[in-house]
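So in the numbering used here the end of the sequence shown lands on 473, straight run, no missing numbers.
Presented below is the structure to which this report refers.
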Amino acid sequence: MSEISSASTIVQTLNAGSGIDIKNLAQSLADAENAPLKARISSKIEEKTLSISGYSIAYNSISGLRDVMALMDDVRELKATSAVSSAPSSIGVETTGDDVVIGVYDITVQQLAQSQSNMSSSQASAAAVLNSGAGFSITVSLGAASPVAHQISVVTDTPQGVVDAINAADIGVSALLINTSSTGDDWRIVLDGPTGADNSYSVSSAVDLGFSSNVLRSAADAIVTMNGITNITRETNTFTDLVPGVTLSLLQVDSSQAISVRVEEDQAPLRAAVDGLIVAYNDFNLLLSELASSDSTVTEFSGSLSSDYSTVRMLRDRVRDAVLADSSTPGASVSALRDIGVQLGVDGNLSLDEAKYNSVVAASFDDVVTMFSADTNDQNAFSVASKGFAADTVIALDELISDTGALKTRQSNAELSIVDYEERLANIELRLTAAYEGYLKQFAAMDTLVDQMQGIGTYLDSQFEMMRNNTRN
């Protein structure tokens with residue numbers, strides 16, 4: 001197309017009718033001489049630039065698949081547990097550790113833990129004077145078996161001053177000032193200690209505040225029966241060490257019946273992980289096909305690797321081989337994805353045989369987890385120990401996307417090729433300039449010669465004219 005355009009310009013120039021435009025003619029010939037090579041190199045630059053985008057997109061897709069696999073290399077990410085209470089209004093449950101023991105625990109709540117609470121005698125106001133304006137001390141002895149005495153100095157001898165002093169001491173007993181009357185002033189100081197029978201306390205002071213004679217509640221332990229074991233006690237209503245890996249929160253007494261706490265394996269995280277793997281792999285497979293297709297126009301990057309199908313084939317083969325490989329830590333009956341119903345279709349996509357998956361997981365859940373994770377958590381990447389299918393795949397994919405891997409190497413080579421092509425384009429521009437100047441010199445000489453010949457022609461015309469005139473005379 002460039003040659004035709006340049007040739008047309010030359011023809012138009014020669015047919016100008018007012019002499020030859022040698023500058024335009026020289027430029028047209030120089031362009032025609034260099035245009036084919038310039039077009040080929042520019043096309044190569046465009047091709048390599050598009051390839052770099054394709055490599056980057058493939059990198060991101062493989063990296064995404066790698067991240068999905070990395071979420072499957074720990075037992076805790078696949079082997080979750082759940083705890084359910086048959087009476088959540090009486091006992092709340094929550095799994096809180098890795099050492100959960102599967103089972104059913106029958107628990108009867110016989111008594112809730114509670115704190116001791118005392119109330120002072122009535123005062124007329126929050127600012128009522130308690131000791132004629134003089135400060136005084138309060139002694140709080142905390143603990144039933146081995147009480148510890150805490151002496152608290154009350155600087156401001158008012159009910160509010162007592163409350164502030166006790167709370168500032170931060171000994172485990174808190175104070176609150178409330179007006180118990182809705183029609184007048186009946187101000188009381190209410191004390192509250194820690195829960196548990198061993199956390200009872202006594203209060204004494206030089207000023208009789210009435211705490212000893214106003215015990216609202218006595219300190220008590222929580223008491224439960226579990227699986228026939230009676231009188232299990234704790235200081236609080238939160239039991240963290242009774243059912244392994246499960247926190248029990250006692251909410252109300254229900255001594256008439258046992259409440260079942262069922263601790264079960266939760267297989268949902270494993271299924272979610274397998275589904276995520278299949279989606280990530282199929283996304284990669286579809287994207288790679290899109291990058292390799294020279295006909296597709298789905299995205300602006302469609303076909304960006306159509307000129308490098310060897311790389312596309314290499315990426316597809318290596319990722320597929322990694323995902324379909326046997327685990328370095330096979331279970332007794334499960335060695336690879338195929339054993340849990342994951343299968344490769346003729347279109348290159350993965351799919352899940354639901355019936356096979358459900359059957360295998362129901363019968364060999366622990367084997368499946370072993371296959372994926374090697375029954376480990378927080379593996380050391382530098383360890384030579386077998387790591388399981390998930391970590392095996394992560395390592396294989398890391399080799400592809402590392403700084404020295406196949407993708408980065410090809411991207412770097414493409415970038416170097418662009419630099420080389422740009423240098424060649426620069427050289428073509430130099431050649432174009434040189435060709436233009438060469439043609440210009442030739443045409444300038446020709447133009448001078450034509451001028452000279454035109455001068456001779458004019459001279460001869462005048463001589464012939466004179467001769468004709470002389471002949472007539």
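Quick reminder that beta carbons are idealized off the backbone N, C-alpha and C, glycines included.
For residue 465 and residue 471, the rounded distance between their alpha carbons = As a working mapping, residue 471 is identified with position 471 in the sequence shown. As a working mapping, residue 465 is identified with position 465 in the sequence shown. Going from the Cα of residue 471 to the Cα of residue 465 covers about 10 angstroms.
In whole angstroms, what is the alpha-carbon distance linking residue 395 and residue 44?
-> Residue numbering aside, residue 395 sits at position 395 when the sequence shown is read from its first letter. Residue numbering aside, residue 44 sits at position 44 when the sequence shown is read from its first letter. So the alpha carbons of these two residues sit roughly 35 angstroms apart.
Taking the DSSP output, what are the residues bridged to residue 94?
-> As a position in the sequence shown, residue 94 is number 94, starting the count at 1. BP columns for residue 94 point to 247.
With which residues is residue 103 paired in a DSSP beta bridge?
-> Here residue 103 refers to the residue found at position 103 of the sequence shown. The secondary-structure analysis by DSSP pairs residue 103 across a beta bridge with 263.
The segment 79 to 96 contacting the segment 247 to 258, beta-carbon criterion three pairs below 8 angstroms | yes
Cα-Cα separation, residue 114 to residue 178 | By one-based count along the sequence shown, residue 114 stands at place 114. By one-based count along the sequence shown, residue 178 stands at place 178. Spanning the two alpha carbons is a distance of roughly 21 angstroms.
Which runs of the beta strand (DSSP E) spanning at least 3 residues fall entirely within the segment 316 to 377, listed in chain order?
-> 342 to 344 and 350 to 352
Bridge-paired residues (DSSP) for residue 123 = Along the sequence shown, read from residue 1 onward, the residue named residue 123 stands at position 123. For residue 123, which the question treats as bridged, DSSP gives the partners 187.
Determine the DSSP secondary structure at residue 88, reduced to helix, strand or coil.
-> Within the sequence shown, numbered from 1, the residue matching residue 88 stands at position 88. Looking at residue 88 - three-state DSSP - the assignment turns out to be coil, as it is neither helix nor strand.
In this structure, what does DSSP give as the bridge partners for residue 108?
-> Residue mapping note: residue 108 aligns to position 108 of the sequence shown, counting from 1. DSSP lists 225 as partners of residue 108.
Hey, residue 393 and residue 322: beta-carbon distance below 7 angstroms or not?
-> As a working mapping, residue 393 is identified with position 393 in the sequence shown. As a working mapping, residue 322 is identified with position 322 in the sequence shown. Against a cut-off of 7 angstroms, the Cβ pair of residue 322 and residue 393 comes out as a contact.
Buried or exposed for residue 460, please, with buried defined as at least 16 other CB atoms from any protein chain shown within 10 angstroms of its CB.
-> Here residue 460 refers to the residue found at position 460 of the sequence shown. Exposed is the call here.
Indicate whether the contact test is met: 3 or more Cβ pairs, each with one atom in the segment 207 to 215 and one in the segment 109 to 124, closer than 8 angstroms.
-> yes
CB of residue 413 within 7 angstroms of CB of residue 349, strictly | Working through the sequence shown from its first residue, we reach residue 413 at position 413. Working through the sequence shown from its first residue, we reach residue 349 at position 349. For residue 413 and residue 349, no; Cβs fall outside 7 angstroms.
If you drop the 5 nearest sequence neighbours on each side, which residues of the same chain put their C-beta closer than 6 angstroms to that of residue 417?
-> Sequence index remark: in the sequence shown, residue 417 carries index 417 (1-based). The answer, listed in chain order, is 48.
Between the C-alpha atoms of residue 368 and residue 76, what's the straight-line distance to the nearest angstrom?
-> Residue 368 sits at position 368 when you count from the first residue of the sequence shown. Residue 76 sits at position 76 when you count from the first residue of the sequence shown. Straight-line Cα distance between these residues: approximately 13 angstroms.
Terminal residues of the beta strand (DSSP E) in which residue 148 lies | Position 148 of the sequence shown holds residue 148. Unbroken beta strand (DSSP E) run through residue 148: 148 to 154.
Can the beta-carbon of residue 152 be found less than 7 angstroms from the beta-carbon of residue 165?
-> In the sequence shown, counting from the first residue as 1, residue 152 sits at position 152. In the sequence shown, counting from the first residue as 1, residue 165 sits at position 165. Going by C-beta atoms, residue 152 is nearer than 7 angstroms to residue 165.
Who are residue 209's beta bridge partners in DSSP?
-> The sequence position of residue 209 within the sequence shown is 209, counting from 1. BP columns for residue 209 are empty, so no partner.
Going straight from the alpha carbon of residue 462 to that of residue 24, what length do you get?
-> Sequence index remark: in the sequence shown, residue 462 carries index 462 (1-based). Sequence index remark: in the sequence shown, residue 24 carries index 24 (1-based). Rounded to the nearest angstrom, the two C-alpha atoms are 34 angstroms apart.
Looking only at its own chain, which residues have a Cβ that is under 7 angstroms from the Cβ of residue 344, when we skip the five neighbours before and after it?
-> Residue 344 sits at position 344 when you count from the first residue of the sequence shown. So the qualifying residues of the chain are 324 and 350.
Taking the C-alpha atoms as reference points, what is the distance between residue 131 and residue 223?
-> Here residue 131 is taken as the residue at index 131 of the sequence shown, counted from 1. Here residue 223 is taken as the residue at index 223 of the sequence shown, counted from 1. Spanning the two alpha carbons is a distance of roughly 43 angstroms.
Reference residue 268, options 136, 125 and 81, closest by Cα | Within the sequence shown, the letter at position 268 stands for residue 268. Out of 136, 125 and 81, 81 has the C-alpha closest to the C-alpha of residue 268.
Return yes when the Cβ of residue 287 is within less than 7 angstroms of the Cβ of residue 305, no when it is not.
-> The sequence position of residue 305 within the sequence shown is 305, counting from 1. The sequence position of residue 287 within the sequence shown is 287, counting from 1. Their beta carbons are not under 7 angstroms apart, which means residue 305 does not touch residue 287 by this criterion.
Can you say whether residue 96 is buried or exposed, counting buried as having 16 or more other CB atoms within 10 angstroms of its CB?
-> The residue labelled residue 96 in the question sits at position 96 within the sequence shown. By the neighbour-count rule (16 or more Cβ atoms within 10 Å), residue 96 is not buried but exposed.
Taking three-plus beta-carbon pairs below 8 angstroms as touching, is the segment 327 to 337 in contact with the segment 369 to 378?
-> yes
Compute the distance between the beta-carbons of residue 207 and residue 105, then report whether it is under 7 angstroms.
-> Within the sequence shown, the letter at position 207 stands for residue 207. Within the sequence shown, the letter at position 105 stands for residue 105. Their beta carbons are not under 7 angstroms apart, which means residue 207 does not touch residue 105 by this criterion.
Leaving aside the five residues before and after residue 72 along the sequence, list all residues of the same chain whose C-beta is less than 6 angstroms from its C-beta, in chain order.
-> Locating residue 72 in the sequence shown gives position 72, where the first residue counts as 1. Once the five neighbours on either side are set aside, the close Cβ partners of residue 72 are 273, 372 and 390.
The alpha helix (DSSP H) with residue 136 in it runs from where to where?
-> By one-based count along the sequence shown, residue 136 stands at place 136. First-last for residue 136: 136 to 142, but that is the beta strand (DSSP E), not the alpha helix (DSSP H).
Close beta carbons around residue 169, own chain, < 7 angstroms, minus the five adjacent residues each side = Within the sequence shown, the letter at position 169 stands for residue 169. Only residues of its own chain outside the window of five on either side were considered, and among them 150 and 152 have a CB closer than 7 angstroms to the CB of residue 169, listed in chain order.
Secondary structure of residue 242, DSSP reduced to three states = In the sequence shown, the residue the question calls residue 242 occupies position 242. Coil at residue 242, not helix or strand.
For residue 201 and residue 173, believed in contact at Cβ under 8 angstroms, the rounded distance = On the sequence shown, residue 173 is found 173 positions in, with the first residue counted as 1. On the sequence shown, residue 201 is found 201 positions in, with the first residue counted as 1. The pair is a contact, with the Cβ atoms about 6 angstroms apart (cut-off 8 angstroms).
Check the C-beta distance from residue 66 over to residue 340 and give it rounded, since I have them as a contact under 8 angstroms.
-> Here residue 66 corresponds to residue number 66 of the sequence shown, with the count starting at 1. Here residue 340 corresponds to residue number 340 of the sequence shown, with the count starting at 1. Not really, about 20 angstroms apart at Cβ, beyond 8 angstroms.
Please go through the same chain and pick out, in chain order, the residues whose beta-carbon is closer than 6 angstroms to the beta-carbon of residue 180, but skip the five residues on each side of it.
-> Your numbering for residue 180 matches position 180 in the sequence shown. The answer, listed in chain order, is 186 and 188.
Throw me the rounded Cβ distance for the residue 259 and residue 56 pair, which I believe falls under 8 angstroms.
-> Position 259 of the sequence shown, counted from the start, is the residue given in the question as residue 259. Position 56 of the sequence shown, counted from the start, is the residue given in the question as residue 56. That belief does not hold up - the Cβ atoms of residue 259 and residue 56 are roughly 58 angstroms apart, past 8 angstroms.
CB contact flag (residue 182, residue 139, <7 angstroms) = Your numbering for residue 182 matches position 182 in the sequence shown. Your numbering for residue 139 matches position 139 in the sequence shown. For residue 182 and residue 139, no; Cβs fall outside 7 angstroms.
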